[in-house]
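So in the numbering used here, spot 152 of the sequence shown is number 155, and the numbers just go up one at a time. The C-beta atom is built at its ideal place from N, Cα and C for all residues, glycine as well. Structure, as C-alpha cells:
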Amino acid sequence: MDLVVLAGGMGSRFGGAKQIEGIDEENNFIMDYSIFDAIECGFENIVIICQEKHKNVFENTVLKRVKNRVKVKFVVQNDDILQKYGIEREKPLGTAHAILCAKDVVKDNFCVINADDFYGRGGFELAQKFLENADRQKSVFANIVYKLKNTLSENGAVKRGICEVENGNIKKITECSIEVVNGKICATELDTNKKFCPDENAPVSMNMFCLTPKIFDFLQSEFDAFASDLENLKTKEFLLPRTIGKMCSKHLTELKMVECNEKWIGMTYKEDKQIVVDELKKLKDHGIYPKKLWE
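This is the structure in C-alpha cells:
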C-alpha cells in the first residue's frame with residue numbers, strides 16, 4: 004500500500020507554503036505526523052507530490068527523518084502542458100493533475116492525503132483496512148469522511164466537500180466554503196453561491212481518498228478534455244473530488260463512505276498554527292506520539 008501526499012499547494016489564505024511549516028520543537032511538519040501514522044498502520048511506500056522549488060526542502064527534512072523507516076519517492080507536479088502552450092500561471096493545475104503526475108510511480112492501492120491536514124491515527128487505520136481488501140483491478144474506491152463539526156477553523160471560512168450518501172455510497176460531493184457565524188454553521192456552494200446551514204454532523208470529504216490504480220485511465224481522459232480548453236489551463240484547477248464525482252455520476256465507480264470520528268487539525272490561516280502546536284503537544288502528552296517523533 005502506498006501513501007500519496009499532496010504537497011504542491013500554495014497556501015494563499017495561510018500566506019505561504021504551510022506544508023513546510025514547523026509545528027513542534029523538532030520542526031516537524033504536519034505531514035511528518037501523517038507519515039508516522041501511516042507507517043504504524045502498515046503503509047509501505049510514501050509518494051510525495053510537490054513543486055520543483057520545494058523538492059530540496061523535503062529531501063533535506065522529511066526524507067532524512069523517515070528514510071530508515073519507509074521507502075520514499077518524490078514526484079514533481081510538472082507544468083509541461085503549460086510550457087507547450089506558452090501559458091504562465093502561479094498556482095499548480097490541481098489535485099487530480101497531481102495524482103496523474105504519479106501514475107508511473109504508484110502501482111499499488113493507495114491513500115491520498117493533503118500534506119497540510121492532520122487526519123489522526125484513526126483515519127489511517129480505516130484507510131489501511133479498506134485498501135488491504137480492495138481489488139486493484141476494480142474501480143471501487145472510498146472516501147474517509149469526517150463530521151463537519153470536527154473540521155472547522157476558529158479563524159475563518161474553510162473549504163469542505165459535503166457528501167450526499169445513499170446506501171453507504173457517496174453520490175455527490177459539493178464543494179463549499181463553510182464558517183461559523185454567530186454560533187451557526189453557514190455554507191456557500193462554490194459553484195452556485197447557494198447558501199445553506201448544514202448539519203454539524205454532516206459527512207465531509209477532507210481529500211482522504213482510498214484508490215486503486217484503475218483511476219489513472221479516467222484521470223488521463225478527463226485531463227485531456229480539461230486541457231483541450233486553454234482557458235482551463237490559464238485559470239482553473241483539475242480537482243480530485245470533482246473528477247471522482249464525475250466517475251460516480253457516470254456510474255464508473257462506487258465511492259464508499261467510511262466514517263471517521265477523529266478531529267481534524269490544520270492550518271488554513273496563520274492564526275491556526277498555535278492551535279495545531281497545542282493539539283499535537285496534547286497528543287504527545289497522552290502518549291499517542293513519542294515526545295520526539297522520529298527518535
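(message) Going residue by residue through the region 75-156, where are the continuous alpha helix (DSSP H) segments of at least 4 residues, counting only ones entirely within it?
(response) 83-87, 98-104 and 124-136
(message) Can you check which of these residues, 84, 25, 169 and 28, is closest to residue 234 by C-alpha distance?
(response) Locating residue 234 in the sequence shown gives position 231, where the first residue counts as 1. Per the Cα distances, 84.
(request) Assign residue 293 to buried or exposed, taking buried as 16 or more other Cβ atoms, counted over all protein chains shown, within 10 Å of its Cβ. (result) Numbered from 1 along the sequence shown, position 290 holds the residue referred to as residue 293. Exposure of residue 293 is indicated by the presence of fewer than 16 other C-beta atoms within 10 angstroms of its C-beta.
(message) Considering only the alpha carbon of each residue, which of 279, 298 and 286 lies closest to residue 33?
(response) Numbered from its first residue, the sequence shown carries residue 33 at position 30. It is 279.
(message) Suppose the cutoff is 6 angstroms on Cβ atoms and the five residues either side in sequence are ignored; what does the same chain contact list for residue 178 look like?
(response) Residue numbering aside, residue 178 sits at position 175 when the sequence shown is read from its first letter. Correct list, in chain order: 164 and 193.
(message) Rounded to the nearest angstrom, what separates residue 86 and residue 241 at their Cα positions?
(response) Counted from its first residue, the sequence shown places residue 86 at position 83. Counted from its first residue, the sequence shown places residue 241 at position 238. Their backbone Cα atoms lie some 17 angstroms apart in a straight line.
(request) Would you kindly work out how many angstroms separate the C-alpha atoms of residue 174 and residue 145, rounded to a whole number? (result) Counting from 1 along the sequence shown, the entry for residue 174 is found at position 171. Counting from 1 along the sequence shown, the entry for residue 145 is found at position 142. About 12 angstroms.
(message) In whole angstroms, give me the CA-to-CA distance for residue 29 and residue 62.
(response) For the purposes of this step, residue 29 is taken as residue 26 along the sequence shown, with counting starting at 1. For the purposes of this step, residue 62 is taken as residue 59 along the sequence shown, with counting starting at 1. Approximately 16 angstroms between the Cα atoms of the pair.
(message) Looking at the strands, I want to know which residues DSSP matches up with residue 44.
(response) Within the sequence shown, numbered from 1, the residue matching residue 44 stands at position 41. Per DSSP, none; premise fails for residue 44.
(request) Would you kindly report the start and end of the unbroken beta strand (DSSP E) that includes residue 5? (result) By one-based count along the sequence shown, residue 5 stands at place 2. Counting along the chain, the unbroken beta strand (DSSP E) around residue 5 starts and ends at 5-9.
(message) Just to confirm, is the Cβ distance from residue 147 to residue 130 under 7 angstroms?
(response) Position 144 of the sequence shown, counted from the start, is the residue given in the question as residue 147. Position 127 of the sequence shown, counted from the start, is the residue given in the question as residue 130. Yes, the Cβ-Cβ distance between residue 147 and residue 130 is below 7 angstroms.
(request) Take the Cβ of residue 223 as the centre, count every other Cβ of all protein chains shown within 10 Å, and call the residue buried at 16 or more, exposed below. (result) Along the sequence shown, read from residue 1 onward, the residue named residue 223 stands at position 220. Counting Cβ neighbours within 10 Å, residue 223 comes out exposed, since fewer than 16 surround it.
(request) Compare the beta carbon distance of residue 161 and residue 181 with 7 angstroms and say whether it is the shorter of the two. (result) Along the sequence shown, one-based indexing puts residue 161 at 158. Along the sequence shown, one-based indexing puts residue 181 at 178. The Cβ atoms of residue 161 and residue 181 sit closer than 7 angstroms to each other.
(request) Give the DSSP-derived three-state secondary structure of residue 255 in the structure shown. (result) In the sequence shown, residue 255 corresponds to position 252, counting from 1. It is coil, neither helix nor strand.
(message) One question on the structure: do residue 262 and residue 143 come within less than 7 angstroms of each other, judged by their Cβ atoms?
(response) In the sequence shown, residue 262 corresponds to position 259, counting from 1. In the sequence shown, residue 143 corresponds to position 140, counting from 1. Result no, Cβ atoms of residue 262 and residue 143 do not sit closer than 7 angstroms.
(request) Can you tell me which of the three DSSP states residue 260 falls into? (result) One-based indexing of the sequence shown puts residue 260 at position 257. Strand.
(message) Quick check on the burial criterion: 16 or more other C-beta atoms within 10 angstroms. Buried or exposed for residue 89?
(response) By 1-based counting over the sequence shown, the position of residue 89 is 86. By the neighbour-count rule (16 or more Cβ atoms within 10 Å), residue 89 is not buried but exposed.
(message) Please classify residue 80 as buried or exposed, where buried requires at least 16 neighbouring CB atoms within 10 angstroms.
(response) As a working mapping, residue 80 is identified with position 77 in the sequence shown. Buried: at least 16 other Cβ atoms inside 10 Å.
(message) Is it buried or exposed, residue 72, if we count other Cβ atoms within 10 angstroms and call 16 or more buried?
(response) By one-based count along the sequence shown, residue 72 stands at place 69. Under this definition residue 72 is an exposed residue.
(request) Compare the Cα-Cα distances from residue 1 to each of 206, 231 and 291 and report the closest residue. (result) Outside the displayed span of the chain (4 to 298) sits residue 1, for which this structure offers no information.
(message) On the criterion of 16 or more Cβ atoms from any shown chain inside 10 Å, does residue 283 qualify as buried, or is it exposed?
(response) Start at 1 with the first residue of the sequence shown, and residue 283 comes out as number 280. By the neighbour-count rule (16 or more Cβ atoms within 10 Å), residue 283 is buried.
(message) Give me the residue from 44, 78 and 37 with the minimum Cα distance to residue 55.
(response) Locating residue 55 in the sequence shown gives position 52, where the first residue counts as 1. Residue nearest to residue 55 within the set 44, 78 and 37 is 78 (criterion: CA-CA distance).
(message) Please give the ranges of any beta strand (DSSP E) in the region 149-213, keeping only runs that are unbroken, at least 3 residues long and fully inside the region.
(response) Whole beta strand (DSSP E) segments, 3+ residues: 161-169, 172-184 and 187-192.
(message) Taking the straight line between their C-alpha atoms, what separation do you get for residue 110 and residue 5?
(response) By 1-based counting over the sequence shown, the position of residue 110 is 107. By 1-based counting over the sequence shown, the position of residue 5 is 2. Near 9 angstroms, if we compare the C-alpha coordinates of residue 5 and residue 110.
(message) Between which residues of its own chain and residue 92 is the CB-CB distance below 7 angstroms, once the five residues before and five after are set aside?
(response) In the sequence shown, residue 92 corresponds to position 89, counting from 1. Cβ neighbours of residue 92 beyond the five flanking positions: 85 and 237.
(request) Run the CB neighbour count on residue 199, radius 10 Å, all protein chains shown included, and call it buried at 16 or more, exposed below. (result) Looking up residue 199 in the sequence shown gives position 196. So residue 199 ends up on the exposed side.
(request) Assuming residue 49 contacts residue 74 (C-beta within less than 8 angstroms), just tell me the rounded distance between them. (result) Within the sequence shown, residue 49 is the residue found at index 46, counting from 1. Within the sequence shown, residue 74 is the residue found at index 71, counting from 1. With 8 angstroms as the limit, residue 49 and residue 74 qualify as a contact, their Cβ atoms being about 7 angstroms apart.
(message) In this structure, how does DSSP classify residue 248 when only helix, strand and coil are distinguished?
(response) As a working note, residue 248 is residue 245 in the sequence shown. Looking at residue 248 - three-state DSSP - the assignment turns out to be helix.
(request) Compute the Euclidean distance between the alpha carbons of residue 252 and residue 245, then round it to the nearest angstrom. (result) Indexing the sequence shown from 1 puts residue 252 at position 249. Indexing the sequence shown from 1 puts residue 245 at position 242. Approximately 10 angstroms, taken between the alpha carbons.
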